[in-house]
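To start, the structure itself, in structure tokens.
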Amino acid sequence: MNTPLGSSHHGEYKVAGGKLVIADLTVSDGAVATASINGDFFLEPDEALQDINHSLLGLDLNAPHGTIAETVRAAVGPETVMFGFDPAAVATAVRRALGHATTWEDHEWEILVPQPLPITTQVALDQILTEDVAAGRRRPALRLWQWTEPAVVIGSFQSLANEVDPEGVERHGITVARRISGGGAMFMEADNCVTYSLYLPQSLVDGMSFADSYPFLDAWAMDALARTGVEAFYQPLNDIATPEGKIGGAAQKRLASGGLLHHVTMSYDIDADKMTEVLRIGREKIRDKGIRSAKKRVDPLRRQTGLTRPEIWETMMSTFTDRYGASRTHLTEDEISRAEALATAKFTTPAWTARVP
Numbered sequence: 001m002n003t004p005l006g007s008s009h010h011g012e013y014k015v016a017g018g019k020l021v022i023a024d025l026t027v028s029d030g031a032v033a034t035a036s037i038n039g040d041f042f043l044e045p046d047e048a049l050q051d052i053n054h055s056l057l058g059l060d061l062n063a064p065h066g067t068i069a070e071t072v073r074a075a076v077g078p079e080t081v082m083f084g085f086d087p088a089a090v091a092t093a094v095r096r097a098l099g100h101a102t103t104w105e106d107h108e109w110e111i112l113v114p115q116p117l118p119i120t121t122q123v124a125l126d127q128i129l130t131e132d133v134a135a136g137r138r139r140p141a142l143r144l145w146q147w148t149e150p151a152v153v154i155g156s157f158q159s160l161a162n163e164v165d166p167e168g169v170e171r172h173g174i175t176v177a178r179r180i181s182g183g184g185a186m187f188m189e190a191d192n193c194v195t196y197s198l199y200l201p202q203s204l205v206d207g208m209s210f211a212d213s214y215p216f217l218d219a220w221a222m223d224a225l226a227r228t229g230v231e232a233f234y235q236p237l238n239d240i241a242t243p244e245g246k247i248g249g250a251a252q253k254r255l256a257s258g259g260l261l262h263h264v265t266m267s268y269d270i271d272a273d274k275m276t277e278v279l280r281i282g283r284e285k286i287r288d289k290g291i292r293s294a295k296k297r298v299d300p301l302r303r304q305t306g307l308t309r310p311e312i313w314e315t316m317m318s319t320f321t322d323r324y325g326a327s328r329t330h331l332t333e334d335e336i337s338r339a340e341a342l343a344t345a346k347f348t349t350p351a352w353t354a355r356v357p
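Each residue of the sequence shown is one higher than the one before, starting from 1 at the first, in the UniProt record's numbering.
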């Protein structure tokens with residue numbers, strides 16, 4: 001008499017630039033009872049597929065991604081050729097089948113349309129909304145920034161003194177804010193950048209390296225740029241470029257609570273002369289390029305698209321909706337009020353802004 005094997009589980013993972021990996025599992029008593037890994041990948045020798053399936057039997061349903069990948073890697077051995085996939089891809093498909101890793105389609109996405117707010121409220125919102133997604137208080141979301149004053153936003157780990165020229169900041173009336181994500185400084189006058197944040201559970205990038213997660217989370221944005229006529233691509237680790245040069249960069253913050261902030265700023269039309277008076281590092285970048293004077297504008301998105309910034313926003317929101325079925329909405333009064341309170345308590349204070357002097 002056969003023993004019932006329990007519930008069935010199905011998970012799929014399309015390797016970036018590779019093949020589709022599918023995991024069909026049944027589970028019983030907290031472990032994998034049967035496993036079938038399949039897909040359009042290539043594998044030699046044939047017997048290695050049986051080895052992969054057998055290695056998954058008895059796997060604890062809560063096994064982390066790394067444990068699964070190492071189990072598969074040990075089972076196939078160094079002589080096996082896995083073309084179009086690898087043990088990490090198998091682990092992701094298994095984790096998706098078991099409900100620990102998710103896909104874009106597993107979530108109900110929202111788009112928070114641009115609302116003009118002070119820059120310190122903007123960086124506070126990144127923390128508030130990432131925490132809310134992690135706690136299940138709100139849906140994952142894309143938010144487009146619209147700010148009300150000229151600003152410099154520095155990365156979480158940058159030195160304030162090394163990045164920002166205080167005389168230039170005072171002369172041009174610049175607000176300096178520090179965000180919770182890493183990465184470099186951003187010079188952000190009104191209407192001169194296209195900036196967005198994604199708030200999502202880390203399950204969406206389960207098992208991915210940071211290097212892989214950046215282009216994965218911005219694939220929709222590359223599509224949106226293509227719709228505007230911009231041929232954009234990623235340069236590792238976090239630069240967004242075109243054949244004419246860099247146009248922007250990304251940053252991330254992963255919270256212990258399980259939330260993930262992914263943040264991108266792209267240049268629309270920047271006063272390069274003013275930027276070099278405000279940002280010290282801007283002078284070094286200009287010097288490295290052999291440019292004696294910065295008296296010009298850096299305008300990649302305006303020049304390459306011929307579109308206004310609102311028109312670019314609209315293309316981005318439409319692309320995100322087409323891909324993920326997102327609905328447009330606004331920040332709530334509660335979200336804004338909590339962000340304003342956090343800005344006062346944290347993001348406007350010298351203790352935070354100068355935490356790396």
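All C-beta atoms, glycine included, are put in the ideal place defined by N, C-alpha and C.
Please return the same chain residues whose Cβ sits closer than 6 Å to the Cβ of residue i, not counting the five positions on each side in sequence.
i	result
S203	A101 and T102
Y268	N192, C193, V194, L301, R302 and R309
D24	H10 and S36
A250	Y214, N238 and V264
T121	A339, E340 and A343
H107	P140
N38	I22
W109	P140, Y324 and A326
R292	Bear in mind that the predicted position of R292 carries a pLDDT of just 47, short of 50, making it unreliable; the figure below should be weighed with that in mind. Once the five neighbours on either side are set aside, R292 has no close Cβ partner at all.
T3	Low confidence applies to T3: its pLDDT is 39, below 50, so where it sits in the model is not reliable enough to give any reading.
Buried or exposed: residue i, going by 16 or more other Cβ atoms within 10 Å of its Cβ?
i	result
G155	buried
E47	exposed
L342	buried
R171	exposed
Q252	buried
N238	buried
L57	exposed
H330	exposed
P166	exposed
G99	exposed
G248	buried
V76	buried
A224	buried
A91	buried
Could you tell me how far apart the beta carbons of residue i and residue j are, in whole angstroms, since I believe they sit closer than 8 Å?
i	j	result
E128	E335	Looking at the sequence provided, one finds Ile at residue 128 rather than Glu. Sure, about 6 Å apart at Cβ, within 8 Å.
V133	R328	Wrong, their Cβ atoms sit about 17 Å apart, outside the cutoff.
Q304	G229	7 Å
Determine which residues share a DSSP beta bridge with residue i and list them.
i	result
Q146	P116
I111	L142 and R328
L200	L260
T26	S8 and T34
Q252	H262
T242	G245
Q235	D239
Y13	V21
Please name the residue, chosen from the options, that lies closest to residue i on a Cα-to-Cα basis.
i	options	result
P243	W104, F233, R137 and D223	F233
K19	A89, P350 and S318	A89
E333	R254, E149 and L117	L117
I68	T80, G77 and S55	S55
R143	G183, W109, E108 and S197	S197
V32	L59, E12, Q50 and P45	L59
F210	P236, P64 and T228	P236
A326	D223, I52, E44 and E105	E105
G182	A226, T305, I174 and Q158	Q158
F187	E163, E167, T80 and L200	E163
T26	L61, T349 and I174	L61
F347	A124, A91 and V298	A124
L200	G258, V153 and E311	G258
L49	I240, Q115 and A74	A74
Ordered along the chain, which non-local residues of its own chain (more than five positions away) have a Cβ less than 7 Å from that of residue i?
i	result
A84	Residue 84 is actually Gly in this sequence, not Ala. Contacts found: V15, G18, K19, F41 and F42.
Could you name the residues of the same chain whose beta carbon sits closer than 8 Å to that of residue i, not counting the 5 residues immediately before and after it, in chain order?
i	result
R95	G11, H65, I68, A101, D206 and G207
A345	none
D299	S267, Y268, D269 and I270
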